[in-house]
Amino acid sequence: MRMQSIITKLIHPNQYGFIKGRSIQDCLAWAFQFLLLCHHSKKEVVNLKLDFENAFDKIEHQVILEVMKHKGFNEK
Numbered sequence: 052m053r054m055q056s057i058i059t060k061l062i063h064p065n066q067y068g069f070i071k072g073r074s075i076q077d078c079l080a081w082a083f084q085f086l087l088l089c090h091h092s093k094k095e096v097v098n099l100k101l102d103f104e105n106a107f108d109k110i111e112h113q114v115i116l117e118v119m120k121h122k123g124f125n126e127k
């Protein structure tokens with residue numbers, strides 16, 4: 052909750068997970084709209100979906116803390 056006030060300055064607008072006021076439904080609507088646009092363009096399109104499940108479980112916590120320090124967060 053403490054990060055919600057500044058997280059939108061750090062996270063790209065296309066990121067929807069765990070951001071207050073953003074919904075995964077918005078992401079799905081954007082994706083369907085994009086696919087429809089691609090379909091109407093009649094151009095060849097490559098659609099790539101990456102699954103980042105457990106991504107944060109694979110990053111060492113010290114690395115996350117160092118990135119946060121670099122972004123201006125204090126030890127607390």
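In short: position in the sequence shown from 1, add 51, done, that's this note's numbering. C-beta: ideal position from N, C-alpha, C; glycine also. Predicted model only: the values in this text are computed from it and were never measured.
Cβ of residue i within 8 Å of any heavy atom in the ligand FMN?
i: Gln113; result: For the structure depicted, the ligand FMN is absent and the ligand set is empty, with no information on it obtainable.
I'd like the span of the alpha helix (DSSP H) that includes residue i, first residue to last.
i: Ser56; result: 55-61
i: Cys118; result: In the sequence on display, residue 118 carries Val and not Cys. First-last of the alpha helix (DSSP H) with Val118: 112-121.
i: Asp77; result: 75-92
Apart from the five residues just before and just after residue i, which ones in its own chain have a Cβ nearer than 7 Å to its Cβ?
i: Cys89; result: Val96
Please report the distance separating the alpha-carbon of residue i from that of residue j.
i: Ala82; j: Ser92; result: 15 Å
i: Lys127; j: Pro64; result: 26 Å
i: Gln55; j: Ile62; result: 11 Å
i: Met119; j: Met52; result: 16 Å
Please state whether the Cβ-Cβ distance between residue i and residue j is less than 9 Å.
i: Leu86; j: Asn98; result: yes
i: Thr163; j: Ile70; result: In the structure as shown, the chain begins at 52 and stops at 127. Residue 163 is therefore absent and cannot be evaluated.
In chain order, what residues of the same chain have a beta carbon less than 8 Å from the beta carbon of residue i, not counting five sequence neighbours either side?
i: Leu101; result: none
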